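Participant: Each residue of the sequence shown is one higher than the one before, starting from 5 at the first, in the working numbering.
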Amino acid sequence: MNRSPPATRLSGCDLRLCYGERTVAENISVAIPDGVFTAIIGPNGCGKSTVLRALSRLLKPARGHVLLDGKDIHTQSPRHVARQLGLLPQSAISPPGITVADLVARGRHPHARFLRQWSEADEAAVTAALIATGMTALADRPLDRLSGGQRQRAWIAMALAQETSLLLLDEPTTYLDLAHQIDLMELLGDLNTRQQRTLVAVLHDLNQACRHAGHLIAMKDGRIVAEGEPSRIVDAALVEAVFGVAALVIDDPVSGTPLVIPRRRDRAISRQVESPTGSEITERL
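1) Taking all protein chains shown into account, decide if G49 is buried (16 or more other Cβ within 10 angstroms of its Cβ) or exposed.
2) What span of residues does the beta strand (DSSP E) with R26 cover, start to end?
3) Less than 9 Å between the C-beta atoms of L19 and P65, yes or no?
4) Can you give the beta carbon distance from V253 to V264, rounded, assuming they're within the 8 Å contact cut?
5) Beta-carbon within less than 8 Å of M5's beta-carbon, same chain only, minus the 5 sequence neighbours each way: which residues are those?
6) Bridge partners for H208 per DSSP, in chain order?
7) Taking the alpha carbon of C22 as the point to measure from, which residue in R13, A43 and R67 has its own alpha carbon closest?
8) Kindly list the residues whose CB is nearer than 7 Å to the CB of R215, restricted to its own chain and excluding five residues on each side of it in sequence; keep chain order.
9) Can you give me the start and stop residues for the beta strand (DSSP E) that S15 sits inside?
10) What would DSSP say about I186, mapped onto helix, strand or coil?
11) Sort P114, H184, M189 and S123 by Cα distance to G152 and report the nearest one.
12) With a threshold of 8 Å on Cβ separation, who are the neighbours of A158 within its own chain once the five nearest residues in sequence on each side are excluded?
13) Does the segment 160-172 come close enough to the segment 83-93 to have 3 or more Cβ pairs within less than 8 Å?
14) From what residue to what residue does the alpha helix (DSSP H) around G152 run?
15) So, with DSSP's three-state summary, where would you put A133?
16) Looking at the unbroken beta strand (DSSP E) that takes in T42, where does it start and where does it end?
17) What does a CB cutoff of less than 6 Å around E175 pick up in its chain, not counting 5 residues either side in sequence?
18) When you compare the CB positions of A213 and A165, do they come within less than 9 Å of one another, or not?
19) Look at the alpha carbon of L14 and the alpha carbon of G101, and state the distance between them as a whole number of angstroms.
20) Would DSSP call K64 helix, strand or coil?
21) Please work out which residues of its chain come closer than 7 Å, Cβ to Cβ, to L63, disregarding the five sequence neighbours upstream and downstream, and give them in chain order.
22) So, under 8 Å CB-CB, D76 and H69 are touching, yes? Tell me the CB distance rounded to an integer number of Å.
23) Which residue comes first and which comes last in the alpha helix (DSSP H) that contains D294?
24) Return no unless some Cβ of chain D is closer than 9 Å to the Cβ of G232.
25) To the nearest angstrom, how far is the alpha carbon of R198 from that of G39?
26) With DSSP as the reference, please indicate the residues paired to L305 in a beta bridge.
27) Could you spell out where the alpha helix (DSSP H) holding I237 opens and where it closes?
28) I think H219 touches T79, with their Cβ atoms under 8 Å apart; what is that distance to the nearest whole Å?
29) Spatial neighbours of D73 within its chain, please: C-beta separation below 6 Å, excluding the five flanking residues on both sides.
30) For P257, name the three-state secondary structure that DSSP assigns.
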């Protein structure tokens, strides 16, 4: 049975992505399905973050086009794009001493107009973003006094205050401990399922991606090698091809999604021992 292509507001066609003379990703064509949590996975240096930068308008392709609502994203003004698409970069930097509330309020900048005062709509958007991320009680706290997980939630709240239906996140769980990773991934899942936001996240943990995302883009050496629902594409062959790891893939007993269990790597350990004749021989342990 033929599957109809997914509805999409954000896509890339035949992209070649470079930093200077160095090509990082080639022949990238991707359609981000609307209303779905998409995870981009792959080993370090494979081009995941570069693709996200291109989709968010931060990097102009050397070839091809990124389309937002059917139009080349680079022909659209930064302000217009910011009203449609929110971005959480990998290393977000904030002014020293800024409070959570002030940071989140910055998400309203794309909606500002000349001589326009702070409005009830702005206040409502900030309040809703703080509630959605569980940050209301910390609104007056300086960002630099929060834990890593709380800071990530504050940045996500700022993106939510933009009131965009598209949200792109570059490695949002980096530097977080396990508990905060779980909290953050569940938050992103809720934003997708309860608020119908389209999410795209670069992730390192394949099991987290399988559990929370409905669509995966698997990359290797600057190219897309597989794409689709986790249950349809994630198997031992894919894990071996993308990560170079032999693994057993089973159904997660909690979520029913693919669960990747790496197989033990056989590493021969040797030592020099003396033979009965006095010569040394190598004994494998």
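Note that beta-carbon positions come from the ideal geometry of N, C-alpha and C, so glycine has one too.
Given the structure is predicted, the values throughout are model-derived calculations rather than measurements.
Facilitator: This is what the structure gives:
1) So G49 counts as exposed.
2) R26 -> beta strand (DSSP E) spans R26 to I36.
3) Taking 9 Å as the Cβ cut-off, L19 and P65 qualify as a contacting pair.
4) Sure, about 6 Å apart at Cβ, within 8 Å.
5) Low confidence applies to M5: its pLDDT is 48, below 50, so where it sits in the model is not reliable, and the reading given next is rough at best. The beta carbon of M5 sits closer than 8 Å to none of the beta carbons in its chain outside the five residues before and after it.
6) The beta-bridge partner set that DSSP reports for H208 is empty.
7) For C22, the nearest C-alpha among the options comes from R67.
8) Closer than 7 Å at the Cβ level, and outside the excluded window around R215, lie D256, S259 and T261.
9) From DSSP, the beta strand (DSSP E) with S15 extends over L14 to Y23.
10) For I186, the three-state secondary structure derived from DSSP is helix.
11) Closest by alpha carbon: H184.
12) So the list reads V104, L107, V108, T137, M139, L142, L147 and L150, once near-sequence residues are dropped.
13) Pairwise C-beta distances place the segment 160-172 in contact with the segment 83-93, as three or more of them are shorter than 8 Å.
14) Counting along the chain, the alpha helix (DSSP H) containing G152 begins and ends at G152 to A165.
15) Looking at A133 - three-state DSSP - the assignment turns out to be helix.
16) T42: member of the beta strand (DSSP E) spanning F41 to I45, first to last residue.
17) Apart from the 5 residues on each side of it in sequence, E175 sits with its Cβ closer than 6 Å to the Cβ of Q94 and V206 in its chain, given in chain order.
18) No, these two residues do not count as a Cβ contact at 9 Å.
19) Rounded to whole angstroms, L14 to G101 spans 35 Å at the Cα level.
20) It is coil, neither helix nor strand.
21) L21, T54 and R57, listed in sequence order.
22) Yes, they are in contact, since the Cβ atoms of D76 and H69 sit about 5 Å apart, within 8 Å.
23) Because residue 294 is not part of the residues shown, which for the chain are 5 to 289, the question remains open.
24) Any reference to chain D falls outside this structure, which holds one protein chain only.
25) When rounded, the distance between both Cα atoms is 10 Å.
26) Given a span of 5 to 289 for the chain in the structure shown, any question on residue 305 remains unanswerable.
27) In the DSSP annotation of this structure, the continuous segment of the alpha helix (DSSP H) that includes I237 starts and ends at P234 to I237.
28) Rounded, the Cβ-Cβ distance is 27 Å, inconsistent with contact.
29) Excluding residues within five positions, the ones whose Cβ falls inside 6 Å are R13.
30) Coil.
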